[in-house]
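Residue numbers (the working numbering): 21 to 167.
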């Protein structure tokens with residue numbers, strides 16, 4: 021029976037290990053997606069700053085009303101893209117946090133099975149040692165009777 025229990029625990033441990041491994045891969049993918057979203061946000065901010073600098077140089081030399089309005093419209097659209105990217109970052113951070121929680125849960129589950137396996141092995145060793153001791157005691161008693 022201990023063997024059946026032990027093999028079931030080992031199977032559960034293996035499943036928990038696979039689950040933790042998949043969760044770690046999911047978290048790595050979420051971290052990568054977050055990094056990419058942050059890089060895109062940085063690029064958009066940089067692009068906006070460059071565009072503002074270009075606009076300021078053109079304003080210093082003189083700029084027509086229609087071109088100025090086009091610049092302003094473009095900057096508004098660019099700001100909307102930046103705001104949208106910030107929302108994307110928040111959503112990706114939320115997903116990353118959920119994946120981190122899944123990984124932590126899977127790791128705790130795996131560790132729990134590991135503890136149970138160690139306890140089962142320890143108990144099996146204790147039972148084996150008691151049985152060996154009993155056999156040694158019986159052997160010693162028989163040897164003493166026959167002497």
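We put the CB at the ideal spot given by N, CA and C, even for glycine.
Whole-angstrom distance between residue j and residue i, CA atom to CA atom
i: residue 74; j: residue 61; result: 20 Å
i: residue 27; j: residue 55; result: 42 Å
i: residue 150; j: residue 118; result: 48 Å
i: residue 163; j: residue 154; result: 14 Å
i: residue 104; j: residue 122; result: 27 Å
i: residue 21; j: residue 127; result: Low local confidence applies: a pLDDT of 49 at residue 21 is under 50, so the model's placement there is unreliable, and no value is given.
i: residue 12; j: residue 37; result: The requested residue 12 is not part of the displayed model; the chain covers only 21 to 167.
i: residue 165; j: residue 35; result: 54 Å
i: residue 107; j: residue 95; result: 18 Å
i: residue 152; j: residue 30; result: 26 Å
i: residue 59; j: residue 120; result: 21 Å
i: residue 159; j: residue 39; result: 50 Å
i: residue 135; j: residue 24; result: 17 Å
i: residue 87; j: residue 125; result: 57 Å
Beta-carbon spacing of residue i, residue j below 8 Å
i: residue 109; j: residue 68; result: no
i: residue 133; j: residue 64; result: no
Beta-carbon proximity list for residue i, same chain, < 8 Å, skipping 5 on both sides
i: residue 72; result: 95
Chain D within 8 Å of residue i, Cβ atoms only
i: residue 49; result: Going by chain labels, chain D is absent from the structure shown, which holds only one protein chain.
Problem - Contact the region 135-151 vs the region 81-90: 3+ CB pairs below 8 Å - result: Too few Cβ pairs lie closer than 8 Å, so no.
Handout entry: Validate contact between the region 141-160 and the region 32-47 using beta carbons, cut 8 Å, 3 pairs
Key = Touching, no.
Practice task
Take every Cβ of the region 65-79, pair it with every Cβ of the region 91-100, and state whether three or more of those distances are shorter than 8 Å.
Solution key: When Cβ pairs closer than 8 Å are counted between the two stretches, the region 65-79 is seen to touch the region 91-100, the count reaching three or more.
Exercise for the section: Report yes or no: do the region 45-54 and the region 107-120 share at least 3 C-beta pairs separated by less than 8 Å? Expected result: Taking a contact to require three or more Cβ pairs closer than 8 Å, the region 45-54 and the region 107-120 qualify as touching.
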